[in-house]
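Working notes, beginning with the structure itself.
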Amino acid sequence: MVGLRERKKQRTRQALVRAALRLFQDKGYEETTIAEIAAEADVSTRTFFSYFASKEDVVLHDAPERMREVLARVRDRRPGEPVADLLIRVAGGSLDSATAEEGFDGVEEAQARLGLIMTVPALQARALQTLFGNQLRLARALQEAYPGELDLVQCAAAVGSLIGAVKLTAMATLTRGDSREQVWEALHRAIDVSVRGLRDLEAAERPEPPLTAPAR
2 MVGLRERKKQ
12 RTRQALVRAA
22 LRLFQDKGYE
32 ETTIAEIAAE
42 ADVSTRTFFS
52 YFASKEDVVL
62 HDAPERMREV
72 LARVRDRRPG
82 EPVADLLIRV
92 AGGSLDSATA
102 EEGFDGVEEA
112 QARLGLIMTV
122 PALQARALQT
132 LFGNQLRLAR
142 ALQEAYPGEL
152 DLVQCAAAVG
162 SLIGAVKLTA
172 MATLTRGDSR
182 EQVWEALHRA
192 IDVSVRGLRD
202 LEAAERPEPP
212 LTAPAR
């Protein structure tokens, strides 16, 4: 159960993110100062820096925690769990976590963040760096979860397929203006389509049964 102190910290963090997104949309990303974000959230600049190191960190505020959750789920592989089933569970859990904080990080905020990342070069570079770094970390964690069963190339291909499908679907539906329900339905469909290919990979990698000699 989350204590009072932690809930207060979460509210302050959310207030800073919302204030930043409002100002970025109203004034522009480069034109908005950290002092203005802090004032909009009714906190001090010093308080801002106790939560975020930069404006980039505000826009990508959830990336580190989301990645920690994903890696923890991969390391918690169930005995005998096929890679496709594990990745479905990991991806589905990530989507559930994204909606756990009611009223926060909704579609409008996701659209605002996507718009910033697509138009601000510094954010675009940071987002790509984060994405590629996280994919490699996840591929390595997946290989560790399947010692002797999957090599790094297979894990990288599986992770790239899944994350690529989810990220591109999110971009396509958010820029189209879909509702929260439509976006989440599309993301689950993207996971399903991607994982079908992983099931084919598992079938292809499964050794053929030995041939039996014909009866005499």
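In the numbering used here, the protein residues as written are 2 to 217. Using N, Cα and C, we set each Cβ at its ideal position, and we do this for glycine too.
The alpha helix (DSSP H) enclosing residue i, as first and last residue numbers
{"i": "Gly178", "result": "Per DSSP, Gly178 belongs to no alpha helix (DSSP H) and is neither H nor E."}
{"i": "Glu109", "result": "Val108 to Thr120"}
{"i": "Arg79", "result": "Note, Arg79: premise wrong, no alpha helix (DSSP H); not H, not E."}
{"i": "Leu87", "result": "Val84 to Ala99"}
Cut-off 8 Å between Cβ atoms - residues of its own chain near residue i, not counting five sequence neighbours on either side
{"i": "Glu57", "result": "Ala123, Leu124 and Arg127"}
{"i": "Thr218", "result": "Here the chain comprises residues numbered 2 to 217, so residue 218 is not present and cannot be evaluated."}
Option nearest residue i by Cα separation, candidates the options
{"i": "Met68", "options": "Val121, Ala99 and Ala173", "result": "Ala99"}
{"i": "Met119", "options": "Lys28, Leu151 and Val60", "result": "Val60"}
{"i": "Ile192", "options": "Arg8, Val160 and Glu182", "result": "Val160"}
{"i": "Gln136", "options": "Val71, Val184, Trp185 and Ala21", "result": "Val71"}
{"i": "Ala113", "options": "Glu37, Arg190, Ala54 and Ala20", "result": "Ala20"}
Own chain, CB closer than 7 Å to residue i, minus 5 neighbours either side, in chain order
{"i": "Met172", "result": "Leu115"}
{"i": "Ile89", "result": "Ile192 and Val196"}
{"i": "Phe105", "result": "Caution is warranted here: a pLDDT of 45 is assigned to Phe105, below 50, making its placement in the model unreliable, and the coordinate value is therefore given only provisionally. Result list for Phe105: Gln15, in chain order."}
Per-residue burial, residue i [other beta carbons within 10 Å of its own, 16 or more giving buried]
{"i": "Leu5", "result": "exposed"}
{"i": "Phe25", "result": "buried"}
{"i": "Gln11", "result": "exposed"}
{"i": "Gln155", "result": "buried"}
{"i": "Ala144", "result": "Checking the sequence shown, residue 144 turns out to be Gln, not Ala. It is buried - the Cβ of Gln144 has at least 16 other Cβ atoms within 10 Å."}
Proximal residues to residue i (C-beta, below 6 Å), its chain only, five neighbours per side dropped
{"i": "Gly94", "result": "Arg74"}
{"i": "Ala157", "result": "Ala140"}
Exercise for review: Could you tell me which uninterrupted alpha helix (DSSP H) segments, each at least 4 residues in length, are contained entirely in the region 14-73, listed from first to last along the chain?
Suggested key: 35-41, 46-52 and 56-60
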